Structures are given as structure tokens and as C-alpha cells.
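*Asks:* A single structure is presented below for examination.
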Amino acid sequence: LSPQYISPVTAAQQSDPRSYLPNPAYLAAGIYPAGIARLLQNPIPPRNNRAADWDVGTHPRADQNYFQTSLRLEYETAGGVTLTSLTAYQRFRQNDQRDIDGVDVNDQFYIIDGKVDSVFQELRAGGDLGQGGRWIVGANYARDVTKERDDAPDTLQSGSYLTGGSPYSLLPFAPWRDYFVRNDVRARTLSAFGNLDLALTDRLMAHAGIRYTDSRQQMAGCTGTADANLLAFFRLLLRPGARAATPGGCTTILQNGDQGLTSEQLNETNVPFQLGLDYKIEPDKLVYASIRKGFKAGTTPAVVPTSYIQRTPVTQESLVAYEGGFKLSLMDRQLQLNGAGFIYDYTDKQLLGRIIDPTGVFGALQALVNIPKSRVHGAELTATVTPREVRGLTVGAAVTWLDSKVTSNFVNYASYVASAADTIDFKGEPYPYTPRWAVRGGVRYEWMATDNIRANVGANASAQSRMNGAFGAQKASREGPSILIKPYGLLDLSAGIEAADRRWRVDLWGRNVTNTYYWNTAFYQSDTTVRYNGMPATYGVTASINFR
Numbered sequence: 042l043s044p045q046y047i048s049p050v051t052a053a054q055q056s057d058p059r060s061y062l063p064n065p066a067y068l069a070a071g072i073y074p075a076g077i078a079r080l081l082q083n084p085i086p087p088r089n090n091r092a093a094d095w096d097v098g099t100h101p102r103a104d105q106n107y108f109q110t111s112l113r114l115e116y117e118t119a120g121g122v123t124l125t126s127l128t129a130y131q132r133f134r135q136n137d138q139r140d141i142d143g144v145d146v147n148d149q150f151y152i153i154d155g156k157v158d159s160v161f162q163e164l165r166a167g168g169d170l171g172q173g174g175r176w177i178v179g180a181n182y183a184r185d186v187t188k189e190r191d192d193a194p195d196t197l198q199s200g201s202y203l204t205g206g207s208p209y210s211l212l213p214f215a216p217w218r219d220y221f222v223r224n225d226v227r228a229r230t231l232s233a234f235g236n237l238d239l240a241l242t243d244r245l246m247a248h249a250g251i252r253y254t255d256s257r258q259q260m261a262g263c264t265g266t267a268d269a270n271l272l273a274f275f276r277l278l279l280r281p282g283a284r285a286a287t288p289g290g291c292t293t294i295l296q297n298g299d300q301g302l303t304s305e306q307l308n309e310t311n312v313p314f315q316l317g318l319d320y321k322i323e324p325d326k327l328v329y330a331s332i333r334k335g336f337k338a339g340t341t342p343a344v345v346p347t348s349y350i351q352r353t354p355v356t357q358e359s360l361v362a363y364e365g366g367f368k369l370s371l372m373d374r375q376l377q378l379n380g381a382g383f384i385y386d387y388t389d390k391q392l393l394g395r396i397i398d399p400t401g402v403f404g405a406l407q408a409l410v411n412i413p414k415s416r417v418h419g420a421e422l423t424a425t426v427t428p429r430e431v432r433g434l435t436v437g438a439a440v441t442w443l444d445s446k447v448t449s450n451f452v453n454y455a456s457y458v459a460s461a462a463d464t465i466d467f468k469g470e471p472y473p474y475t476p477r478w479a480v481r482g483g484v485r486y487e488w489m490a491t492d493n494i495r496a497n498v499g500a501n502a503s504a505q506s507r508m509n510g511a512f513g514a515q516k517a518s519r520e521g522p523s524i525l526i527k528p529y530g531l532l533d534l535s536a537g538i539e540a541a542d543r544r545w546r547v548d549l550w551g552r553n554v555t556n557t558y559y560w561n562t563a564f565y566q567s568d569t570t571v572r573y574n575g576m577p578a579t580y581g582v583t584a585s586i587n588f589r
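In this text, residue positions in the sequence shown follow the working numbering: the first is 42, and each later residue adds one.
Below, the structure written as C-alpha cells:
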């Protein structure tokens, strides 16, 4: 529930989830609506990734279909130039029902109805330059249409309950029902590009590429409802004479003060490029360096827009990436060693942050924002050993180090916002979902069990360090349920057999065989702290046949 209505939490109570429940005095006094009271009486779930429940009478499902067709035409001229045409069409349809709250109370149940249609056309010409060199020039066109509507038949979020007498009450209304979110996007993209791979010597290869992109997006979206109580509430927020929503219509408050469907347009251009050098020390030893600049298109967030301001488009983010590394085959090809170091400099990186509701009613609302400046420094090293002394044995290991940081002043809100003044400068904080360390390793042994059957056994382990579920996670975890994701490690095992000619194979496998309990996602949405835990110990068998 909203932080100002959560009981104070001492350091000794940090590990007890019950400490974060609303003040028991409110529950004992019967101030909470019956639905919320029932929700609060659910037992705290154990540290068990099989513990979950669903709403009685609901039927969660994932009903999705995808269709794709493509056509590639090539024509080689007498001069050795290859002309290529690529045509593609993709269609996606979705009608899902998701119960994501993990309890038997209808708190967060959504019906997601969406579709995507995409058309793509590219024309290009290319030719060889000798010694592995090649040139390409071309242009492409893409048109994407996305439509999505999410329906919530009912909700027990405290912000949705406007019941007289509760600490967060405004008016004596019932819970919101028949609540929906709509998000539509039409995008057109035109691009022209050129790429050159040129052998400077028999060992040194240069790479260069450039692209010009022009994108135009038209976006529309809103929150809406057919519930008379909710419609009546929103009318009280409107200025005198403003146009109010009708049942089943959009309730989002527009810039002119009316309610309706928001409409946004975003036109952008950019020029990404790449430059690089590859140097072959020997045929099986390579070092390289490159600099690349890329862009991520701006967009409007698919959030629950109470106000038009939540759907204000963010501008495109840009990334300049510097990378250098090596690929070495050593010990007479018994050891393959690859390594790289990189620096990523971001400008206007896009982030799901928060803004304060201009009506002053709903507090902090989710919205996309741009971080002015941020960066990532990183390095990775992988090694694969195939010793000749033990035929069929392969041992591999990899380690990745990342140091991400916001480098400019960036003032926004943490997850649990008490007031408009409750801001934080996130300068110096790492990116969410970016562990500093990640390691993985594996071993596989394969041998001929018979003249016609090959057998194998294997094990893979991975681990990663702690990471944040959102900016301001340290502060948030002192004020409410933690959104810090703890470090964890996983172990997978496998065994199998296959035909010597690889026409068929059967594998037995176990994932997370130690049944480690861990979270891979933690975030705060509306007034609910959500944590997705990883799969428990899972075992299975996979059989395949090759009909070649």
C-alpha cells in the first residue's frame, strides 16, 4: 500500500515481510474495504518457488499465434555485382489471461488482447573486393502497426479503493471494475546504408559502415472504464466545462483538461556508424578494435496513463561503444581463449521512472524518462579446453565484469514515494538488472557407448552478484519490501545418447537441481511490490529425430 500508510519498520524488522503490512490498527478497526482486508489476511508466502495460487473461477492462458513469410531474390550481374531484394511480412496475435498476484484474491488479473503487423522491404547491391573484402549499399522500408488493450475486470489496489473512512479515502466509492489500458503505435522507418570490409594487407582488415534513418511514429493511448463510480470520481478532477468520458470511454486527462484518447507524434533522424580493425597475428589468432555509434528509437511508454503527461514521448537514446579484444587458439588448438574490454557511453538513456500526478491525487505515476548521461565499463573472458589426452572432454568457463553508472545529475523518484519532495539524485547509481559479476562454467564428456551409439554427460553452473530492481533500490528497501535482487547460483545436469550418424538423440536433464530459491525480477507497480522467482528444480526428457 502507499508508503505513508505503512507501519514504521525498524532495522530488526527488515527480514520480516509482515512488517510491511499496513498499520494493524486500521485492519482491526474494520476501516479497510472487505476485499483489501481479505487480501491482507493471506499468509506470507514461504521461501518456496512452487508456492502460488490463482483466483477462483479464472482461467489463466497464453493464446498466441505468429505468422511470418519472406521472399529473397538475388541477381548477379556480369560485373560480379549481386543485387538482392528482401521482402517480409509478420503478423502476431495475442489473447492472454494472466493472474500475476500469486494469491486467491482478484488483485491483479489481466486480459491482454494485442496484435502486431509488420511489413519490410530492402533493396541492396554488393560485391567482393578480394582477400575477404566486400562492399554493400542499400535502402530499406519498414511499417509496423501495434495495437494492445489490457483489461482488468476488477482490482483491489488501494489507490483504486475510494472508500470513506480509510486513511487513503477520498470518496465513498466501490472498487474499480471494467478497467482497461489501450496503447496503439504506427511506425514508418526509412533507411539508407553502406558497408565496407577492406583488406589493407594480408593480415589487416578494416571495417566501416554508416546508415541514415528517418523514423515517424504516431501513437495513441489511454486508460478507460465502464464503471460508473470511477467515471464519477474522474469527473471531480476535471475543470468546469471539461468534456468527461462516457461509459467504456477513455478517462485519461488530456492537456486541455478534457478526458479522452491521447495522441502523440515523434519524428526523428539519426546517423549510426561503425569503424573497426581486425589483425590476424596468425591464422588462428586475432586481435580487434572498434568504435560504434547506435541509436534506440524514442517511444511512448505502455503504462496506465491517468494523465497525458505520462505518455509524453522520450527522445531516442544514443550509444557510443568502444571495444577491443582478442580471439586466440592456443596449445595446438586445445585451448580457445577469447577476451574483450568495452566502454559504453549513453546519452538520453531511456528508463521507466516516475512523475508526480499533476492532479495531486494519485501521487507518483510511472512514465518513461531520459537519463542525460550514463556509462558502462566492462570486460569478459571465456576459455574452452578440449584436451587430446581425454578425447570427448570439453571444459569451458566465462566471467563477465560490469561497472554501470549514471554520470550526470538525474533527479527522480524511488519506488516508494511519500510526497512530491521525496526525490533522489541518482548520479553514481548502477543500472537496474546489471550485476557487477557473472560467472558460468561447464563440463561435457562424450564417448562411444557402442559402435552405433554415442553417449554424453554434462554439468553447467552459473552465478551472479547482487543487482538492483530499480534506481533508488537501497533507499526503497529501507522504507518497504526490498527490491534488491540477492546473488544466486544455479546448477544444471544432463545425460543423453544419440545415434553415431546423429539421426536421433534422447537427453535427460535437470535444471536448478539444487532447488535454489532466487528472484530474477523485483519491482514496484501501482501499490504492489512484485517479485518473480526463478524456476524450481525441474527435470525432463527431450527426444529429437533428424529427417534429413
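Ideal placement from N, C-alpha and C gives every residue a C-beta, glycine not left out.
A quick note: this is a predicted structure, and the numbers were derived from the prediction, not measured.
1. Closest by CA to V344, which one among A405, L237, A286?
2. In whole angstroms, give me the CA-to-CA distance for D57 and R572.
3. What separation, rounded to the nearest whole angstrom, lies between the Cα atoms of F234 and R244?
4. What residue from Q407, T475, G433, G394 has the CA that sits closest to F451's CA?
5. Residue range of the beta strand (DSSP E) that S331 falls in?
6. If you draw a straight line from the C-alpha of T570 to the C-alpha of A517, how long is it?
7. For T388, which residues in the same chain have their Cβ closer than 6 Å to its Cβ, ignoring the five residues on either side in sequence?
8. First and last residue of the alpha helix (DSSP H) that includes S518?
9. List the endpoints of the continuous beta strand (DSSP E) containing L114.
10. What residue range does the alpha helix (DSSP H) around N556 cover?
11. Sort out for me which residues DSSP pairs H418 with in a bridge.
12. Starting from N308 and walking both ways along the beta strand (DSSP E), at which residues does that stretch end?
13. For M576, which residues in the same chain have their Cβ closer than 8 Å to its Cβ, ignoring the five residues on either side in sequence?
14. Checking 8 Å against the spacing of the C-beta atoms, do Y385 and R416 come in under that value?
15. Given this structure, state the Cα-to-Cα distance separating D299 from G179, to the nearest angstrom.
16. For D191, which residues in the same chain have their Cβ closer than 6 Å to its Cβ, ignoring the five residues on either side in sequence?
17. Identify, in the order they occur along the chain, each residue of the same chain with its Cβ nearer than 6 Å to the Cβ of K334, setting aside the five sequence neighbours on each side.
18. DSSP puts D191 in a beta bridge; with which residues?
19. Can you list, in chain order, the residues of its chain with a C-beta nearer than 6 Å to that of A269? Leave out the 5 residues immediately preceding and following it.
20. Between the beta-carbon of N497 and the beta-carbon of G437, is there less than 8 Å?
21. Output needed for T110: all residues of its chain with C-beta closer than 6 Å, excluding positions within five of it in sequence on either side, in chain order.
22. Which residues in the same chain have their Cβ closer than 6 Å to the Cβ of G265, if we skip the five residues on either side of it in sequence?
23. Assuming the contact rule is C-beta atoms closer than 8 Å, S445 and P413 should be a hit. Round their C-beta distance to whole Å, please.
24. Are the beta-carbon atoms of S503 and V480 separated by less than 8 Å?
25. Cα separation between F367 and T555?
26. R252: buried (16+ other C-beta within 10 angstroms of its C-beta) or exposed?
27. Return the Cβ separation of I332 and L316 in integer angstroms, given the expectation that the two are a contact with Cβ distance under 8 Å.
28. Look at the alpha carbon of V440 and the alpha carbon of G482, and state the distance between them as a whole number of angstroms.
29. Check the DSSP bridge columns for V480 and list the partner residues they point to.
30. First and last residue of the alpha helix (DSSP H) that includes R589?
31. Does the beta-carbon distance from P346 to G250 come in below 8 Å?
32. Less than 6 Å between C-beta atoms, sequence neighbours within five positions excluded: which residues of the same chain meet that for A379?
33. With a threshold of 8 Å on Cβ separation, who are the neighbours of A578 within its own chain once the five nearest residues in sequence on each side are excluded?
34. In three-state DSSP terms, what is A273?
35. Let me check understanding here. Comparing Cα to Cα, which of R507, V582, S506, Q351 lies closest to S535?
36. When you compare only the Cα positions, how much space is there between Y463 and Y454?
*Replies:* Straight from the coordinates:
1. For the residues A405, L237, A286, the minimum Cα distance to V344 belongs to A405.
2. Here the model assigns D57 a pLDDT of 47, short of 50, so the residue's position is not dependable and the matter cannot be decided.
3. When rounded, the separation of the alpha-carbon atoms in F234 and R244 is 27 Å.
4. Selected option, being the one with the closest Cα: G394.
5. It spans 326 to 337 - the beta strand (DSSP E) in which S331 sits, taken as one unbroken run.
6. In this structure, the straight-line span from the alpha carbon of T570 to that of A517 is close to 11 Å.
7. If we look at T388 and ignore the five residues flanking it on each side, its Cβ neighbours are S359.
8. Per DSSP, S518 belongs to the alpha helix (DSSP H) from 514 to 520.
9. That run of the beta strand (DSSP E) goes 105 to 117.
10. Per DSSP, N556 belongs to no alpha helix (DSSP H) and is neither H nor E.
11. Answer is I384, D444, bridged to H418.
12. N308 -> beta strand (DSSP E) spans 303 to 311.
13. Hits under 8 Å: N90, R552, N553.
14. R416 is positioned such that its CB atom lies closer than 8 Å to that of Y385.
15. Straight-line Cα distance between these residues: approximately 46 Å.
16. Y151, I153, V222, listed in sequence order.
17. Here the set comprises P313, F314, V361.
18. Paired residues: I153, V222.
19. Hits under 6 Å: none found.
20. When the beta-carbon positions are compared, N497 and G437 stay at least 8 Å from each other.
21. The beta carbon of T110 lies closer than 6 Å to those of Y130 in the same chain, with the five residues before and after it left out.
22. Taken in chain order, the residues that qualify are F221, G290, C291, T292.
23. Actually they do not touch by this definition, with Cβ atoms about 15 Å apart.
24. Annotated as proximal: S503 and V480, with beta-carbon spacing under 8 Å.
25. Spanning the two alpha carbons is a distance of roughly 36 Å.
26. Residue burial annotation: R252 is buried, with at least 16 other C-beta atoms found within 10 angstroms of its C-beta.
27. Between L316 and I332 the Cβ distance is about 5 Å, and since that is below 8 Å, they are a contact.
28. A direct Cα-to-Cα measurement between V440 and G482 gives close to 9 Å.
29. Beta-bridge analysis with DSSP links V480 to V440, A504.
30. Bounds of any alpha helix (DSSP H) do not take in R589, whose DSSP letter is neither H nor E.
31. Against a cut-off of 8 Å, the Cβ pair of G250 and P346 comes out as no contact.
32. With the sequence shown as reference, residue 379 is identified as Asn, and Ala is not the correct amino acid for it. Excluding sequence neighbours, N379 sits near K368, T423.
33. G551, R552, N553, V554, T555, N556, listed in sequence order.
34. Helix at A273.
35. The shortest CA-to-CA distance from S535 to any of R507, V582, S506, Q351 is the one to V582.
36. The sequence shown places Asp at residue 463, not Tyr. Rounded to whole angstroms, D463 to Y454 spans 7 Å at the Cα level.
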